[in-house]
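Novice:
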Amino acid sequence: MKRKLYIFALALPILFACKKDENFSDPRLIGKWTDFNTSYAFSEDKTFYSLYLRSGMGSDTILVDSIFGTYYVNKKKNVLNFNMNGYRKKDSLKTIIIENRNMPAWNYTFDNDSTLTYQTSTAYSKLFKKK
Numbered sequence: 000m001k002r003k004l005y006i007f008a009l010a011l012p013i014l015f016a017c018k019k020d021e022n023f024s025d026p027r028l029i030g031k032w033t034d035f036n037t038s039y040a041f042s043e044d045k046t047f048y049s050l051y052l053r054s055g056m057g058s059d060t061i062l063v064d065s066i067f068g069t070y071y072v073n074k075k076k077n078v079l080n081f082n083m084n085g086y087r088k089k090d091s092l093k094t095i096i097i098e099n100r101n102m103p104a105w106n107y108t109f110d111n112d113s114t115l116t117y118q119t120s121t122a123y124s125k126l127f128k129k130k
């Protein structure tokens with residue numbers, strides 16, 4: 000019995016140390032960013048939108064030309080999480096589709112005040128802050 004109590008006493012601090020990850024809005028993200036093909040805008044109210052530049056006339060070049068939604072940052076892990084709330088189709092300037100979807104999270108770092116590097120499970124890129 001003493002052994003079980005001893006193990007429990009050792010495990011207790013570990014359980015309290017594993018508090019829930021903190022989510023916040025990183026103030027360095029606020030503003031407009033680009034990688035020359037895509038433009039991202041992050042607002043203080045944790046909303047974002049992304050515009051894809053149309054790069055060709057083929058139907059398979061870009062599936063949508065803009066998306067919008069909310070984001071949050073996991074402060075402990077430096078991960079940017081996105082929730083897409085909708086998008087505008089490439090072939091329509093007026094048709095907005097409201098559809099909630101999770102998007103790939105970004106592991107991100109700031110190289111300096113104007114350069115953000117991010118990585119997903121399928122991509123690695125740099126964004127540059129617009130002035």
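Per numbering that gives the first Met the number 0, the very first residue in the sequence shown carries number 0; after that it's consecutive. Note that the Cβ used here is the ideal one computed from N, Cα and C, for glycine as well.
I96 and N84 look like a contact to me (Cβ under 8 Å); what is the Cβ gap, rounded to whole Å?
Specialist: With a Cβ gap of about 10 Å, I96 and N84 do not count as contacting.
Novice: Between G68 and chain D, is any beta-carbon pair separated by less than 8 Å?
Specialist: In the displayed structure, chain D is absent; only one protein chain is listed.
Novice: How would you label L115, buried or exposed, when you count the other beta carbons within 10 angstroms and need 16 or more for buried?
Specialist: Buried: at least 16 other Cβ atoms inside 10 Å.
Novice: Can you tell me where the beta strand (DSSP E) with M83 in it begins and where it stops?
Specialist: Per DSSP, M83 belongs to the beta strand (DSSP E) from 78-88.
Novice: Is R135 buried or exposed, if buried means 16 or more other CB atoms sit within 10 Å of its CB?
Specialist: For the chain, the structure presents residues 0 to 130; residue 135 sits outside this window and is missing.
Novice: Take the Cβ of I66 as the centre, count every other Cβ of all protein chains shown within 10 Å, and call the residue buried at 16 or more, exposed below.
Specialist: Buried is the call here.
Novice: Would you report the Cα separation of A10 and K75, rounded to the nearest angstrom?
Specialist: Only weak support exists for where A10 lies, its pLDDT of 49 falling under 50; the coordinates are left without a value.
Novice: From which residue to which residue does the beta strand (DSSP E) around I95 run?
Specialist: Residues 95-101.
Novice: Shortest alpha-carbon distance to K45 belongs to which of D110, N80, T121?
Specialist: Among D110, N80, T121, the Cα nearest to that of K45 belongs to N80.
Novice: If we call anything under 8 Å between Cβ atoms a contact, is L50 one with D64?
Specialist: The answer is yes: Cβ separation under 8 Å.
Novice: Classify F23 as buried or exposed, calling it buried when 16 or more other Cβ atoms lie within 10 Å of its own Cβ.
Specialist: By the 10 Å Cβ count, F23 comes out exposed.
Novice: Determine the direct distance from the alpha carbon of A122 to that of P26, and round the result to whole angstroms.
Specialist: Going from the Cα of P26 to the Cα of A122 covers about 24 Å.
Novice: State yes or no: is the C-beta of K31 within less than 8 Å of the C-beta of S38?
Specialist: Yes, the Cβ-Cβ distance between K31 and S38 is below 8 Å.
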